[in-house]
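Input: a single structure, listed below in structure tokens.
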Amino acid sequence: MYNRKDKAIAFLMILPSLILLAIFVYYFIGQTAWYSVSDWGTDPGTALKKGVEKNYVGLDNYHTLMSSASDYEFRVAFTNTLFFTIFFLGACLTLGFFLAFLLDQRVKGEGVFRTIFLFPMSLSFVVTGTIWNWLLKPRGGLNVLPRKLFGADPLEYKWINSDSILFKFEWMQGGDLFYLAIALFAFALFTYTAQKRHLSWMWVAVAGVVLWLISSAGFWNNIWLPIDKPNLDIGTYNGYGYHAALSGIIIAATWQMAGYVMALFLAGIRGISEELREAARVDGCTELQVYLYIILPQLRPIALSAIIILGHISLKIFDLVYAMAGIDNTDVTVPGILMIKGFRSNEWARSSAVAMVMLFAISLVVIPYLWTNLRTEKQ
Amino acid sequence: MSKRLLSLCSLVMVIAVVVGSFAPAARAQEDLSGEVEIFSWWAGSEGPALEALIALFNEQYPNVEVINATVAGGSGTAAKAVLKTRMEGGEPPDAFQAHAGQELIGTWVAADRMEDLTFLFEEQGWLDVFPEGLVDLISTDEGIWSVPVNIHRSNVLWYVPANLETWGVEVPATWDDFLAVCPTIQEAGVTPLVLGFAWTVYHLWENIAVGVLGPEGWNGIWTGETDLMGEDFLKVWDTFGKVLECSNFGEDNETMEWDKAIDRVVDGTAAFNVMGDWAAGYLTTTRELVPGEGFGYAPAPGTDGTFIMLSDSFGLPLGAPNRDNAIAWLTVLGSKEGQDAFNPLKGSIPARTDADVTNPELYNAYLQSAAADWATDTIVGSLWHGAAANEQFTGNFGGVVDLFTASGAPEAAAAAFVELCSTSGACGG
């Protein structure tokens, strides 16, 4: 056990960083939160006035972002981030595991391959973005590769500038889907905790359904909808969905991060004792079954860490998009880009609201992780 | 009194007046000392032009040290963000660069952070040497707010004369003419109009709007006199949509900066490009083409006799730490020598109409023709480049264009335009 003096010294040692964190992280988060519910910059004339009065306007800025016809750009950014996260995570995990699986076959020169696959991680996203921009241009490297190699016709695929939209949906449906997703998430959480506390399944199911009803009916129709109506004459933007132009950015991001996931998985695979595999083989498992039923389940904690790390990278992605598409390309825009644009048009309150939404999304991923981590450490 | 005495007297008086008028200026030059901090985004290829100005300033005010605070990158985006945090934090530079017009007025003048420069304009007699249209753009009812250093022209159509001859196409005088020759060019397997990144599309829009509405209709947008749901304004959007169909919009424009786009014109895979006249500098210096032979230029369709201008200018923030030195800096900027030192290196024309623009050693053929137009044309302000509308309007204008390209409906675009007008307050009233 520690005595009092030890504790006091320990506290003093971390005090400076606590103070710095309190000021430069939490105080400024608080300030951003306050700006996001104020009207600072709504009137361009007073946006930069000395000592301008900032009035509390409640959730108006969030309402506008979510519903006004002219603010569709934020909603495109929002859905882009969701799709980017899903595909980037999927691609990275699959490719990373596949590479780890290949390297696990005791190939010659494994160290060389490991280094090669890990190398892209040492680049910054700006460099990656610039290089892949060259490669994926309509008349760029990848499309002319067939001609260079076999003299065939160059490809016409628009990796980074396609204007087609897959999985298209209307924003109004999108809202319902969004809340359905939240409800499912809540339901899963309920189920998880219920298992721990030996509650009956029925109660959990009832709670989940109630939550879904509240979130979809309550939030969507009663809060967002009335604000959406006055602007409908402008015509609604019908570009919600997966913008195919995101593909190029996802490819670049995957190229950079897949090696890292590979390293994580490889370490995990190597950590599984050979005896377990042997035992499975003796019991008549095929090599595929060994991977499916023995190795994959053991890699679950590593997969979770990978998801958290990649997830928070993809939710706050900015530099890669900035390098590959610039700031005025709505098709592939992300919330981080909108904050830069806020500096251009002096809309401080709106940008703060965008920042808070991003913070909320990231905390959805990070907080449960930290929470479970702290709990397991205590145990 | 004898005649001789009288003439002597008048001579003394003349000398007194002459000496009197020069002496304070001379004394002021020697008196000024200390520092002056100049905030701009002129780095890289634009750096030498700024250096030339600083050298001239040092010659005239040897005791003042110039602090060159440059924030490079993104055509000023980065610099503007830094400037905003500095001003907000109460540490203004002595003088800072801003696009002349509403970008400065809508942001800094509206925020009561600039000093009225009318006194300097009157003292230096600048009201007579800067064109009236320009002075209107940099003024409000309360004063004149910045000293323009250079002028760029937004409405220029670029092409290669020899290529047009091969395809049998003439330079279109109006956008209707352009739409008429568009199929001919397409049949030759060539893109009629080449575009680059999204901002070059907005740049095209302002050229089409001025081309369709004329200078009065264009200015009317910003004073509230043009009917934004009226037939003419809907025709702007309609024409814009048709012109986009004659371009590489949506094909590969989102992958090129403006210089790569104009490269297409040079290599013959595109016929025309609408771009500001910084393109002339690129074509002559980087591509080593001769103006009029290697590349041709004309006012953008429908804008003959109109000069859509954008201008870099310097303003004087209230609370500048070295106000007197900053005024001296502004005086050098607005002087004939200052403008002739800066512009040949920047590849732009002087804002003053009495500058040495006919000197071929300083200004090439393109710049000379632009300067001639500058002195005679009707001057209007560019939208995308900060002269015509405030930053909130400009920053969100891309959204209006997106709505139009997504829906293809001029009415929807016009309605979105009206809404942006009302939220940003950029269109009068």
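So the sequence lines, in the order shown, correspond to chains F and A. Residue numbers for the first sequence follow our numbering, so the first one is 1 and each next one is one higher. Residue numbers for the second sequence follow our numbering, so the first one is 1001 and each next one is one higher. Note that CB positions come from ideal geometry on N, CA and C, so glycine has one too. On a predicted model such as this, the values are computed, not experimentally measured, just so you know.
Beta-bridge pairing of residue i - partner residues as DSSP gives them
| i | result |
| --- | --- |
| residue 1065 (chain A) | A:1035 |
| residue 1172 (chain A) | DSSP, once it has assigned bridges, lists no residue as partnering residue 1172 (chain A). |
| residue 1349 (chain A) | A:1151 |
| residue 63 (chain F) | Beta-bridge pairing links residue 63 (chain F) to no other residue. |
| residue 1309 (chain A) | A:1153 and A:1381 |
| residue 19 (chain F) | Answer by DSSP bridge pairing: none, since residue 19 (chain F) is not bridged. |
| residue 1054 (chain A) | Answer is none; residue 1054 (chain A) lacks a bridge partner. |
| residue 1297 (chain A) | A:1158 |
| residue 1040 (chain A) | A:1070 |
| residue 138 (chain F) | DSSP lists no partner for residue 138 (chain F). |
| residue 165 (chain F) | F:243 |
Residues of its chain near residue i, where Cβ-Cβ distance is below 7 Å and the 5 sequence neighbours each way are ignored
| i | result |
| --- | --- |
| residue 130 (chain F) | 323 |
| residue 1026 (chain A) | For residue 1026 (chain A), the pLDDT reaches just 42, beneath the cut-off of 50, and the residue's location in the model is therefore unreliable, although a value from the coordinates is still provided. Within the same chain, residue 1026 (chain A) has no close Cβ partners at all. |
| residue 1107 (chain A) | 1390 and 1391 |
| residue 56 (chain F) | 37 and 38 |
| residue 1352 (chain A) | 1129, 1130, 1336 and 1339 |
| residue 1215 (chain A) | 1306, 1378 and 1380 |
| residue 246 (chain F) | 80, 83, 84 and 332 |
Residue i, enclosing beta strand (DSSP E) - first and last residue
| i | result |
| --- | --- |
| residue 1097 (chain A) | 1095-1099 |
| residue 1312 (chain A) | 1312-1315 |
| residue 369 (chain F) | Looking at the DSSP string, residue 369 (chain F) is not in any beta strand (DSSP E); the run it does join, the alpha helix (DSSP H), is 348-378. |
| residue 1157 (chain A) | 1156-1159 |
| residue 1379 (chain A) | 1378-1381 |
Where residue i falls, given that 16 or more other Cβ within 10 Å makes a residue buried
| i | result |
| --- | --- |
| residue 1392 (chain A) | buried |
| residue 363 (chain F) | exposed |
| residue 965 (chain A) | A question about residue 965 (chain A) goes unanswered here, because the residues of chain A that appear run from 1001 up to 1429. |
| residue 256 (chain F) | buried |
| residue 9 (chain F) | exposed |
| residue 31 (chain F) | exposed |
| residue 146 (chain F) | exposed |
| residue 1137 (chain A) | buried |
| residue 1382 (chain A) | buried |
| residue 50 (chain F) | exposed |
| residue 360 (chain F) | exposed |
| residue 1117 (chain A) | buried |
| residue 1245 (chain A) | exposed |
| residue 942 (chain A) | With chain A covering only 1001 through 1429, there is no way to say anything about residue 942 (chain A). |
| residue 230 (chain F) | Its pLDDT being 41, under 50, residue 230 (chain F) is placed unreliably in this model, and the value from its coordinates should be taken loosely. Exposed is the call here. |
| residue 20 (chain F) | exposed |
| residue 3 (chain F) | exposed |
| residue 77 (chain F) | buried |
Chain-order list of residues whose beta-carbon lies under 8 Å from that of residue i (same chain, five-residue window excluded)
| i | result |
| --- | --- |
| residue 1318 (chain A) | 1092, 1112, 1113, 1114 and 1115 |
| residue 1399 (chain A) | 1416 and 1420 |
| residue 1181 (chain A) | 1169, 1170, 1172 and 1192 |
| residue 1257 (chain A) | 1196 and 1197 |
| residue 314 (chain F) | 81, 84, 85, 88, 89 and 253 |
| residue 1024 (chain A) | Confidence is the limiting factor: at residue 1024 (chain A) the pLDDT is only 42, short of 50, which leaves the residue's position unreliable, though a coordinate-based value still follows. Contacts found: none. |
| residue 1232 (chain A) | 1212, 1213, 1217 and 1226 |
Run of the alpha helix (DSSP H) containing residue i, from where it starts to where it stops
| i | result |
| --- | --- |
| residue 1151 (chain A) | Looking at the DSSP string, residue 1151 (chain A) is not in any alpha helix (DSSP H); the run it does join, the beta strand (DSSP E), is 1150-1153. |
| residue 1192 (chain A) | Premise fails: residue 1192 (chain A) lies in the beta strand (DSSP E), 1191-1193, not in any alpha helix (DSSP H). |
| residue 1424 (chain A) | 1410-1424 |
| residue 75 (chain F) | 72-103 |
| residue 1360 (chain A) | Where residue 1360 (chain A) is concerned, there is no enclosing alpha helix (DSSP H), given that its DSSP letter is neither H nor E. |
| residue 341 (chain F) | 335-345 |
| residue 118 (chain F) | 110-118 |
| residue 1083 (chain A) | 1077-1088 |
| residue 1398 (chain A) | 1391-1407 |
Nonlocal neighbours in the same chain, by C-beta distance under 6 Å from residue i, ignoring five residues either side
| i | result |
| --- | --- |
| residue 1040 (chain A) | 1070 and 1097 |
| residue 1089 (chain A) | none |
| residue 1191 (chain A) | 1248 and 1270 |
| residue 1226 (chain A) | 1217 and 1220 |
| residue 95 (chain F) | 258 |
| residue 262 (chain F) | 96, 99, 100 and 117 |
| residue 1303 (chain A) | 1155, 1210 and 1211 |
*Residue ranges of each alpha helix (DSSP H) run of no fewer than 4 residues wholly in the stretch 249-327 of chain F, ordered along the chain?*
274-282, 300-315 and 319-325
_Contained alpha helix (DSSP H) runs [length at least 4] in the stretch 1222-1277 of chain A, N- to C-terminal order_ = 1231-1245 and 1258-1266
_Inside the stretch 24-66 of chain F only - alpha helix (DSSP H) runs reaching at least 4 residues_ = 28-36
_Restricting to runs no shorter than 3 residues, where is the beta strand (DSSP E) found entirely within the stretch 1108-1155 of chain A?_
1150-1153
_By the 7 Å beta-carbon criterion, what residues does the stretch 338-353 of chain F contribute toward chain B?_
Among the protein chains of the structure shown, namely F and A, there is no chain B.
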